[in-house]
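Residue numbers (the numbering used here): 694 to 1078.
So the structure is just underneath, and the comments pick up after that.
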Ligand SMILES: Cc1cc2nc3c(=O)[nH]c(=O)nc-3n(C[C@H](O)[C@H](O)[C@H](O)COP(=O)(O)OP(=O)(O)OC[C@H]3O[C@@H](n4cnc5c(N)ncnc54)[C@H](O)[C@@H]3O)c2cc1C
């Protein structure tokens, strides 16, 4: 979210410097779903159309059940008129990051410094100070404001002594990618599928060249076993039995948390993205929520820096985005997990009946789509003074 923030600030003519610990943009497989309002925000910078060209448009999302098949399907084309992008875009997050770096290179007053790890952050009445470890040694950097967008383990958040309140799930999530064309085997499969099961729920997401399948793993299984060929093969055969083995392109194991920072603003320092809030990936709200933080924050920061608004406007960032992180992003992703993993047959039947009724009712379906596409979260933020 550091790159998104930097791009918006640089575009407004503000000097920015981004410090990234890695030597380059990492092409890891994390976020892959862009919700429509996120694309609307990125569109004026010419980024959304580039992402759309290199992604897949998922017009439909599906709620499925391993035993019963398709439960409910939601058509995002209903959003036409309220967004220029009435679909979920399935596109790897690193493509956004690469595009942002390219864009930032065009501004003479913007610097992206790779291989620079922030070791500590501090502030006084006149500015912020960073201690940055570079290849040449330790450097001290001064600035007017600091956005801590350094992920879940944020050094900036720790330096400021801000709590990261919440919990970590005991199970880890295994993400497996394969080129196997599941769409040819499951009838009417969409590009975004949440599949409930009392024993082993999963999520199937398509990105342009791969299917990504996410499984929960039991707490007591070792990392080594969960990442082994046998374990992964058994998961995929359980999903779709076939005589041949599956070819697995990537495998990653994640710890999953539901946490929100106790402060999003402390003086001249603001937190955004995973540094401020982190959640399970069910619903694709982490990166999207982080982009929404970045746009909310930078609009206010530009006004403060250019003298159009008092410094106290930055407190509204905390009020708006922290509330949404708790009430909306955290609450909905936690709920999504409870629904997909429900074990009680009677409760499962009730959940499925509700989903079917929602999909069948045009008004209820629209409300569901607006909520899951994060329009409601943005409206909630706007309602907070
Ligand atoms: C399996 C999985 C699937 C997901 N799918 C989705 C999805 O479909 N949609 C969605 O919205 N979200 C999804 N998410 C969540 C999403 O990946 C994160 O919310 C998002 O990456 C947060 O972005 P960020 O920029 O805040 O943090 P990060 O992506 O973690 O970036 C932080 C950056 O800061 C750098 N950094 C860290 N510490 C330092 C330091 N001390 N000095 C300098 N640099 C530093 C890191 O190297 C990194 O580049 C998923 C997550 C997982 C694990």
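Glycine included, C-beta positions come from ideal geometry on N, C-alpha and C.
Please read these numbers as outputs of a predicted model, since none were measured by experiment.
- With contacts defined by Cβ atoms closer than 7 Å, residue 835 and residue 820 form a contacting pair.
- The beta carbon of residue 966 sits closer than 6 Å to at least one heavy atom of ligand 1.
- Taking residue 931 as the centre and dropping the five residues before and after it, the same chain places the C-beta of 893 closer than 7 Å to its C-beta, in chain order.
- Taking 8 Å as the upper bound for CB-CB distance, residue 755 and residue 960 are not in contact here, some 46 Å apart.
- Within the chosen limit of 6 Å, ligand 1 reaches the beta carbon of residue 842 through at least one heavy atom.
- Between the region 712-731 and the region 807-816, the count of Cβ pairs shorter than 8 Å is three or higher; the stretches touch.
- When the Cα atoms are used, residue 1059 and residue 786 turn out to be separated by approximately 27 Å.
- Per DSSP, residue 718 lies in no beta strand (DSSP E) segment and is marked neither H nor E.
- With respect to the 7 Å criterion, residue 780 and residue 757 are not classified as neighbours on the basis of their beta carbons.
- Under DSSP, residue 886 forms a beta bridge with 755, 897.
- By the C-beta density criterion, residue 1028 is exposed, having fewer than 16 other C-beta atoms within 10 angstroms.
- Taking 7 Å as the cut-off, the beta carbon of residue 793 is found closer than this to the beta carbon of residue 696.
- Inter-residue distance for residue 972 and residue 951 is about 4 Å (C-alpha atoms, whole angstroms).
- Ranked by Cα distance from residue 865, the first of 898, 917, 887, 840 is 917.
- Residue pairing of residue 970 in beta bridges, as defined by DSSP: 953.
- By the C-beta density criterion, residue 1040 is exposed, having fewer than 16 other C-beta atoms within 10 angstroms.
- For the set 1057, 1016, 1033, the Cα lying nearest the Cα of residue 1076 is the one of 1016.
- No heavy atom of ligand 1 is found nearer than 6 Å to the CB of residue 700.
- Annotation for residue 733: 741, 776, 777, 778 place their beta carbon closer than 8 Å to its own, counting only its chain and skipping 5 residues before and after.
- Relative to the Cα of residue 957, the nearest Cα in the group 941, 983, 940 belongs to 983.
- Inter-residue distance for residue 923 and residue 789 is about 34 Å (C-alpha atoms, whole angstroms).
- In the DSSP assignment, residue 1048 falls within the alpha helix (DSSP H) that extends over 1038-1053.
- The region 883-897 and the region 937-947 do not touch, with fewer than three beta-carbon pairs separated by less than 8 Å.
- Taking non-hydrogen atoms of ligand 1 into account, the C-beta of residue 924 is found less than 6 Å away from none of them.
- The criterion of a C-beta distance shorter than 7 Å is satisfied by residue 878 and residue 933.
- Distance between residue 925 and residue 937, taken at the CA atoms: about 14 Å.
- For the pair residue 977 and residue 726, the CB atoms are nearer than the 7 Å cut-off.
- In the same chain as residue 761, and ignoring 5 residues on each side of it, the C-beta atoms closer than 8 Å to its own belong to 1045, in chain order.
- Residue 813 carries a strand assignment under DSSP once its states are collapsed to helix, strand and coil.
- In this chain, residue 800 is not harboured by any beta strand (DSSP E), its DSSP state being neither H nor E.
- The alpha carbon of residue 1069 has as its nearest neighbour, out of 1043, 1051, 1022, the alpha carbon of 1022.
- For residue 966, the closest of 764, 843, 927, 1051 by C-alpha to C-alpha distance is 843.
- Contact check for residue 1062 against residue 767 passes: the beta carbons are separated by less than 7 Å.
- If you check the C-beta of residue 980 against ligand 1, you find a heavy atom less than 6 Å away.
- Proximity of the beta carbon of residue 810 to ligand 1 is indicated: a heavy atom of the ligand is located closer than 6 Å.
- Relative to the non-hydrogen atoms of ligand 1, the Cβ of residue 868 comes within a distance shorter than 6 Å of at least one.
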